[in-house]
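Here my numbering is used: the sequence shown runs in plain steps of one and ends on residue 1065. Below is one structure, written out as structure tokens, with a few remarks after it.
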Amino acid sequence: MRRIGEFLSEFSRKYTPDSFVFALLLTLLVYGLSILLTDHGPFQLLRDWYGGFWNLLGFSMQMVLILVTGYALASAPVVERLMTRLAALPSSGPQGVALVGLVAGLLGWFNWGLSLIAGALLARKVAVSARRRGIKIHYPLVAAAGYLGQLIWHGGLSGSAPLLVNTSGHFLEASIGIIPLSQTIFRPFNLIVSLGILIIGPLVLMSMHPVGEEIEEMDPDESVPIVPANEGSELKNRLGNSRLLVSLVSLAGLAFLVDFFWHHGLASLDLNLVNFTLLILGLLLHGTPASYAKAVSGGARASSGVILQFPFYAGIMGMMISSGLAGVIAQGFVAISTPLTYPLWTLCSAGVINLMVPSGGGQWAMQGPIVVEATRALGVDVGRSIMAVAFGDQLTNMIQPFWALPLLGITRLRPGDVLGYTAVAMMAVFLVMVLGISLLP
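The structure is reproduced here in structure tokens:
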């Protein structure tokens, strides 16, 4: 495993382009494929591309808010102290990798945004703690472990596709109605696969930890940001540091959440509720408006790559949807499917499409209608088909640098530094996903 990890890491460092370059190359690739495989001409595809740029602004804002509120919650003093204590636990490099991978995976099942930020921050803290204690830890590998939450997230409580089909008014409601989480996230096969990922992922990564001179430690130059002193009037400073103000707003938010879940249950969780919960908890744990505002500012910086690149991926989606390229790809897999193999081929097609459209919700918008039509024709359970799309989406996150942008910004690494290791984790859990989606109840 160590040799495989070293080979793929070296390969990805040499040949994996920067994430923005990756988005631009995919734009050209999808444009070319659409010309070859669909009936849309060059200028029609340009119109499709431009139209797609602005079709997902609302969803884009939801994604940015997940990152920003997750970052703010993860950087709350009480959470940061907890991570500092966790970072002091490992007594070897492989233990540090396993710890970060397990924590990132657990958090990923609950919320992908929180996992992405907390995993990156914990990876950094583990590397700093190890260096101070004289423990050699391979920094790119521990950073890769911080990305493991993206290998499990779509089967968890913030999974876009299962949450969307459980939300009243979703675009396929006329065809399939409301699909409760008991038919998707809380199905036995999904829970077993999620547990398998939580066990196998960290073990695979820790087994790739190099030895001797091959270990690349964190850069010892660790700067500590200086927080400027408060400026302005006394009233302004009092309001900015008012715990009473935050307490009143936080308690109101908590009261709403308790009332909502008391009457509707956890099965009613959707993207807006996830964001609201993260916001209220982060505000409560930070304690003052000024502290939370500074944390949100840091999260906004971490999401800058998402803000830049998401319109380009939305443009790619515009071409794939309008030209029918997504349908061509998905229907190609459907054509070779039987009721038994359909979940497998749906997973594979979702993995391919995710490389071009790294958005769980956006991908479901493209692939969902095809999946619904195929499940009717083949007599396959729609809940299983939805999770097959979710599995394929999260699987190839390990070789798609889009969602690694915040982690890379926090750890100060490049995509090629981590994607070689995460590719091995992807291959290791593929069989678990296939067996779970195909055979388990």
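A virtual CB, placed ideally from N, CA and C, is assigned to each residue, including glycine. All of these numbers come straight from a predicted model, not from anything done at the bench.
Spatially closest choice to S874 from V930, G906 and L740, by CA coordinates: Nearest C-alpha to S874 among V930, G906 and L740: G906.
According to DSSP, is R626 helix, strand or coil? Note: R626 maps to helix in three-state DSSP.
In whole angstroms, give me the CA-to-CA distance for Y763 and P963. Rounded to the nearest whole angstrom, the CA to CA distance from Y763 to P963 is 44 Å.
Which two residues bound the contiguous alpha helix (DSSP H) that contains T1046? T1046 -> alpha helix (DSSP H) spans P1039 to L1063.
Do I824 and L968 have their CB atoms nearer than 8 Å? Result no, Cβ atoms of I824 and L968 do not sit closer than 8 Å.
When the Cα atoms are used, what is the spatial distance from N896 to E840? Looking at the two C-alpha atoms, the distance is approximately 40 Å.
Please determine, among F936, W886 and I945, the residue with the shortest C-alpha to C-alpha distance to I643. Before going on, a small fix: residue 643 reads as Ser here, not Ile. Of the listed residues, the one whose Cα sits closest to S643 is F936.
Determine the closest residue to W733 out of D1005, L706, V898 and I931, with distance taken between C-alpha atoms. Among D1005, L706, V898 and I931, the Cα nearest to that of W733 is on V898.
Please list the terminal residues of the continuous alpha helix (DSSP H) segment that includes S651. Just to set this straight, residue 651 is Thr in the shown sequence, not Ser. The continuous alpha helix (DSSP H) containing T651 extends over residues S643 to L661.
Under the three-state reduction of DSSP, which class applies to N790: helix, strand or coil? Of the three classes helix, strand and coil, the one that applies to N790 here is coil, per DSSP.
With a cut-off of 8 Å on the beta carbons, I'd call G1044 and L632 a contact; round off their distance for me. Going by Cβ atoms, the distance from G1044 to L632 rounds to 4 Å, so yes, they are a contact pair.
Alpha carbons only, please: which of L706, G694, G780 and P834 is nearest the one belonging to I628? Among L706, G694, G780 and P834, the Cα nearest to that of I628 is on P834.
Based on Cα-Cα distance, which residue from G992, F1054 and V1053 lies nearest to S784? Considering only alpha carbons, the answer is G992.
Rounded C-beta distance between L1037 and A711? I'm assuming under 8 Å. Contact between L1037 and A711 is absent: CB atoms are separated by about 18 Å, not below the 8 Å threshold.
Looking at Q774 and L740, is the spacing between their C-beta atoms short of 8 Å? The Cβ atoms of L740 and Q774 lie closer than 8 Å to each other.
Cβ atoms of S927 and V688: under 8 Å apart, would you say? It is a contact, given that the beta carbons lie within the stated cut-off.
Among R925, V995 and S806, the one whose alpha carbon lies nearest that of A959: Of the candidates R925, V995 and S806, the one whose C-alpha sits nearest the C-alpha of A959 is V995.
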